[in-house]
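Our numbering applies: residue 69 is where the sequence shown begins, and numbers increase by one.
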Amino acid sequence: MKAYQIVDQGIDALKQVDVQPEDLKPGQVRVKMHAASLNYRDIMAVKGDYGELETPVIPCSDGAGEIIE
């Protein structure tokens, strides 16, 4: 599946990548995304202004979709 990941600091470090879906743990769901947005928090994370993040990390804390699993 496709995802955007922050792989380092800076807007050029936001990359579209192919990732393998992980097995779901109890209480988790899988969502087929229809829309996602980068908000202020995500831009701060890309710029390195959101504290230290262990990379790669997937931004986009806002979105809309349907639960498929």
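Beta carbons are placed, not taken as given, at the ideal position from N, Cα and C, and that holds for glycine.
Which class does residue i belong to by DSSP, given the choice of helix, strand or coil?
i	result
M101	strand
V75	coil
V139	Outside the displayed span of the chain (69 to 137) sits residue 139, for which this structure offers no information.
D91	coil
Measuring straight from C-alpha to C-alpha, what distance separates residue i and residue j?
i	j	result
R109	D76	16 angstroms
N107	E122	19 angstroms
Taking C-beta to C-beta, are residue i and residue j nearer than 9 angstroms?
i	j	result
A71	V97	no
G131	M101	yes
Based on the DSSP secondary-structure assignment, which residues constitute the bridge partners of residue i?
i	result
A132	A103
L82	I74
Buried or exposed for residue i, going by 16 or more other Cβ atoms inside 10 Å?
i	result
V85	exposed
I79	exposed
P127	buried
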